[in-house]
Amino acid sequence: MERGMISVDRWSEGSQVYFLTHLHADHTAGLSPSWNRGSLFCSRITAKLFPPKFPGFDLSLLRVLEIGKVYSLSLVSLSSGLETRVEVIAIDANHCPGAVMYLFRGDFGSVLYTGDFRWEVTCKIAEVGKSMLLGALKNDKIDTLYLDNTYCNPSYSFPSREVAAQQVVNIINSYPEHDIIIGIDSLGKEDLLLYISKMLKVKIWVWPERLQTMHLLGLHGNFTTKTTLTRVRAVPRYSFSAETLEGLNTMRPTIGIMPSGLPWALKKDGCKDKSCGLPSTRPEMPISLDINMPNNIRKHHQYIYTVPYSDHSCFSEIVEFVKFLCPSHIKGIVSSSSSYIDPCYYLRNIYGTSSLYKNPEVIKEGRGRVEGKRKSTLACDSCIEENLKRKRVKEYQSCLHKTRAYIIRGNQQGSPYAETYHNKNMNLIAETSLFFCFFFVLFFIPCLSSGADTLLVNQSLSGDQTLVSLAGNFELGFFRPGESPNYYIGIWYKKASSNPPTVIWVANRDTPISDKFSFKLKIKDGNLVLLNESNAQIWSTDLMISTSSSFASVVLLDDGNLVFRNGSSSSPPIWQTFEHPTHALLPGTKLGYNKFTNTKQGLTSWRSREDPAMGLFSLEIDPNASSYVLKWNNSVEYWGSGSWNGRVFSSVPEMKSDFKYHFNFISNENESRFTYSVDDTSIITTLIMGPSGEIQQLAWFESAKQWFLVWSQPKTKCEIYDFCGTFGTCKQTTGSAFCSCLTGFMPRSEGDWHQSNYSGGCVRKTSLQCGRNVETLDFLTITVKDVPPNSFVAVGSYGECHSNCLNNCSCIAYSFVDNMCLVWEGDLLNLSEDNANGQNIYVKVASKDLQHRKKHKGVPILIVVGSIAGVVFVLGLIVLIFYRRKRKVVEITTMDGLLVAFAYRDLQVATKNFSNKLGGGGFGSVFKGVLRDSSVVAVKKLESMSQGEKQFRSEVSTIGTIQHVHLVRLRGFCAQGNNKLLVYDYMPNGSLNSHLFHEKPVLNWKTRYEIALGTARGLVYLHEKCRDRIIHCDIKPENILLDDSFCPKVADFGLAKLVGRDFSRVLTTIRGTRGYLAPEWLSGVAVTTKADVFSYGMLLFELISGKRNTQQSEDSGNTFFPCLAASVLMEGSDILGLLDNRLNMEANIEEVSKICKVALWCIQDEEESRPSMSVVEHILEGVLDVSMPPVPRTIQLQDDNTEDLVFLTELSSQGSSREASSS
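Numbering (the UniProt record's numbering), first residue to last: 1 to 1223.
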């Protein structure tokens, strides 16, 4: 179009914009990771599959087009040199995942580029595609159709893919003792493989790259790379040959199946050319498909079948497609050859002689050509541009042409592996009237579609509108920090979602606004500006060179960089946040110093947690050395990084402790620059200059949903300049620091000090009455690590120094160091206590503020000595008692000082002699107690000697060494004689079973979903995060406890097993609870963490129904609930009908469906088919999609007789987790 203005699946230079239909190799030939020619448009699924196909590709160049949405491009016409507007809509091509066809509309007319497509007229996707095309064309016709003519030949007739898939299954069933080899491409035919897996109830082997593609498409349970798990294998089509099958059959009986419509689906032995053995002229008869054979299946070889499973349209489907569109011109995408047919060759007769293509208006306007009395023919020639110039431009096109519209990204999410379109979006392409044209100009063009990553000229951002990077990593918009009444424009992490959000860049940090709806961010006069309601400028990028280019754009990239360009997406940035950081340093951000201009790029802290204004602390490059420094008030250096040794800075050894991070420091005659990067792009990390004066590197842990500290400098808070403010002293303890005011002083702001904000410092309690009566004054002696700054030297002895300060009203403090008198006349800062090796300073205070302190100085030495003797005696007595009882106390070798060893008498007192019983189980009873520090606990008293002893040791050795927000905390234990007790945190909301199966308040659906997710996170920690892998072995509602906010805690580790990280299985006796045991417990084989996954799946079903899985109901009688849920899922029935009746069907239907699918995957018969708990966690978080699971054979058998459950056990700890529940 327009001399190559737009290119589709063509990667040569010269085009202004490029489109990709799908990722098959014949459409990406020439596309490389070094691509730098501008934006590349594609579907969302194609963008998702893109990175592994093209590693190293700049993903910021990808632009996602949502299926069925209209987008506008502003391009330059090569013929007129003027700006022209082009509309584009992507339509599902029903070919392979992510494949789309493109409809373009502009001054040249309407052009449809099909790419590879399958137009099965009875297919739902084809019906949706028809609706999209009709809505976009609005009674107009296609001027030029670029047609997939792969099988534009009457000889080809393919069955539907459903029929062909069943043919493949029939062949496999005919060879029950054979291995099966299926030849496929690296993308496509996923539906076929899923159908085979579902019908045969087997996993299918695929090669590793193909498995990665399956996982990206959300398909996790049906495929494997372990050949021992299945007899069905899918191999790359290029490795499929008769010679290969003959070789395999020398080892095992093997049948090959080639599902393809290609004439050269199977190459003859010795044939190197794909056309080998084919006719040299246009074929009139089938090539590889024998239509005389039943079902079009051909057996090429004694071991090989070719099945007509085609992702391209056959001739009859192409005819229906052309009949539906009635295009004026057709051009074949594939060049004519002996195997590929030009569409005009067979369509010209149909076009002229049948009623198939009667359209008088088309012929009248000259869109088709009539030559004398010859039949009407399609204009299949190279003169398309000339013919398209005759296209009449309608009123609405002229109207919109004047508006200078640009790309507006949509926000519709695609399905796991098939882009779909919803009728509710049809209003986006209904632009037929002049009124809508007027409305579009006034309202739609200047606004931004929320969720876009790009801000363009004539667009603005205000209110709740945001920019979201392509992969959803970062978001830009208006935010309000904490309880502040002010709003700011900033960038924050979206994928690493914390509360409050972690902001990494702020625009108007020193000019806050009060109303985000009255202000707007937009491009104006070549700058990105923030304007108020009067269009007065609040903030700007302040670029010196002003430009009014209509191609300017601001894009939020997936690395967090906000890039401002003055041209196409391939043009270099004229401004970017990575070169203008505020308080955070992301991977790729530059911290630098320009030696020519003497300008610095550094970080400056926020003023406080709720005020992003420039604070007192900054991080910047030292212009005189190869290091960076922390400064207070932009003047005082209080910490330095040390010199650069080529890898790290000498004062930050933590930088080399993690190989994932790469730090880079460059210093030459032009500049000094520091940056860093990470090997794994999935790692989320940042450096933050905190408001308290520390530079911290943080890393996000998705499983815990929180930030963790990697390293921090300075190492202690007392090293931070002015950390405790004026007249405040800093005292460093193990792992923390605290501030206090000098005697005679009090905090300037009690509220700030309660929030650990000490920067305001301290003020005097009593004002000094200087000059009137020196008897009202006195000196406070303090010992500090270093004398504070800003002193001056006075002449005199110690006595003279004291006297001069006492009588000088300006003197605040003095010190006598090395026979020098140091005097301070201003506020004292940076006081850090060091009583052992410090220096005395004498601070002037009011006498009455020291009177109370002096009263207590005259303590007699005798009393002190007596006190010390008494302490020694008591300690000796304690040691003697402990020694006598030592033989009676069970050794706990794994507690490492983390647990409290309680005395039995103390627990008797705490529980009021075990009077407040919460519950009981197989190993003992649980009581509520209150410790001496007023903390409420649950005390489990183990009663069974043998089993109780085992559970006691198991619990202390497992949960006693780990801590996690979703695991119950073991506070301590008691092991005196035969008394074995465990002390836990008390859970006021009891156990999950009391809310599901009893009369406690009903849990709403949101709470149930959070319980499912929290439990999954707890199990992920046990299975994957601990030093030793832990298999819980008894997951059930009784062992899920709920704290005061209904946060779930996995409890009862009495049956847990520890497995070393070098092992994945453990052989143990059967353990658990009936109804939750995985089938492998009965087989006697070693179990894995997948046993917990099975139990978790059974728990999910009970979360949905609010009943035991085996409980009878009036509706379903004796039906085993997992069977009922599987039946509803497979039939597509009302999923909300499975819900607990007490919820009155008030739930998110997508979440209920997701939980059901996850539960079914978790209880698969083979443990290899079950997902890991980390995969479950990601699915529930929405990171991964979940496909339809097969129905496990186990629950199919149980549906007939729920009394004959195979989930049996000789050991049950039912109810034993009520230790932390209330009655």
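Ideal Cβ placement from N, Cα and C applies to all residues, glycine included. The model shown is predicted, which means the values in this text are computed figures rather than measured ones.
Any non-hydrogen atom of the ligand GDP within 7 Å of residue i CB
i           : result
residue 191 : This structure lacks the ligand GDP, and indeed carries no ligand of any kind.
Residue burial classification, residue i (beta-carbon count within 10 angstroms, cutoff 16)
i           : result
residue 995 : buried
residue 13  : exposed
residue 820 : exposed
residue 329 : buried
residue 708 : exposed
residue 989 : buried
residue 82  : exposed
residue 754 : exposed
residue 312 : buried
residue 599 : exposed
residue 225 : exposed
Alpha-carbon to alpha-carbon, residue j and residue i
i            : j            : result
residue 427  : residue 79   : Residue confidence for residue 427 is low, a pLDDT of 31 falling below 50, so the modelled location carries little weight and cannot support an answer.
residue 6    : residue 72   : 13 Å
residue 92   : residue 315  : 20 Å
residue 781  : residue 833  : 11 Å
residue 1228 : residue 1081 : Outside the modelled stretch of the chain, which goes from 1 to 1223, sits residue 1228, for which no answer is possible.
residue 783  : residue 760  : 22 Å
residue 1036 : residue 191  : 36 Å
residue 1101 : residue 1159 : 7 Å
residue 774  : residue 806  : 7 Å
residue 830  : residue 757  : 15 Å
residue 309  : residue 1028 : 49 Å
residue 609  : residue 698  : 17 Å
residue 396  : residue 106  : No answer about residue 396 holds up, because its pLDDT of 29 lies below 50 and its placement is not dependable.
residue 229  : residue 202  : 9 Å
residue 16   : residue 1128 : 51 Å
residue 211  : residue 217  : 10 Å
residue 927  : residue 942  : 11 Å
residue 902  : residue 911  : 13 Å
residue 1145 : residue 332  : 53 Å
Nearest candidate by alpha-carbon position, reference residue i, set the options
i            : options                  : result
residue 674  : 683, 687, 682 and 681    : 687
residue 672  : 24, 75, 926 and 620      : 620
residue 193  : 258, 146, 248 and 706    : 258
residue 498  : 701, 75 and 1170         : 701
residue 452  : 1181, 1182, 558 and 1098 : 558
residue 200  : 800, 175, 986 and 207    : 175
residue 511  : 613, 518, 595 and 476    : 613
residue 1165 : 1106, 1098 and 1148      : 1098
residue 185  : 635, 987, 234 and 166    : 234
residue 517  : 524, 1138 and 530        : 530
residue 605  : 593, 630, 596 and 599    : 630
residue 542  : 577, 322 and 213         : 577
residue 248  : 170, 181, 66 and 65      : 181
residue 586  : 689, 462 and 1040        : 689
residue 135  : 88, 458, 767 and 509     : 88
residue 637  : 1153, 650 and 616        : 616
residue 40   : 58, 19 and 57            : 19
Per the contact definition of three or more C-beta pairs closer than 8 Å, is the region 1045–1061 in contact with the region 996–1016? yes
Would you check if the region 741–748 and the region 711–729 touch, i.e. whether three or more CB-CB distances between them fall below 8 Å? yes
Three-pair Cβ contact test at 8 Å for the region 811–825 versus the region 838–847: yes
Which residue spans inside the region 623–679 form an unbroken beta strand (DSSP E) run of at least 3? 628–632, 636–640, 661–667 and 671–678
Could you tell me whether the region 93–111 touches the region 9–25, using the rule of 3 or more Cβ pairs below 8 Å? yes
Using 8 Å as the Cβ pair cut-off and three pairs as the minimum, do the region 104–114 and the region 26–46 touch? no
Continuous alpha helix (DSSP H) assignments of at least 4 residues falling wholly in the region 106–185: 124–137 and 161–173
Between the region 899–908 and the region 967–983, can you find at least three pairs of beta-carbon atoms closer than 8 Å? yes
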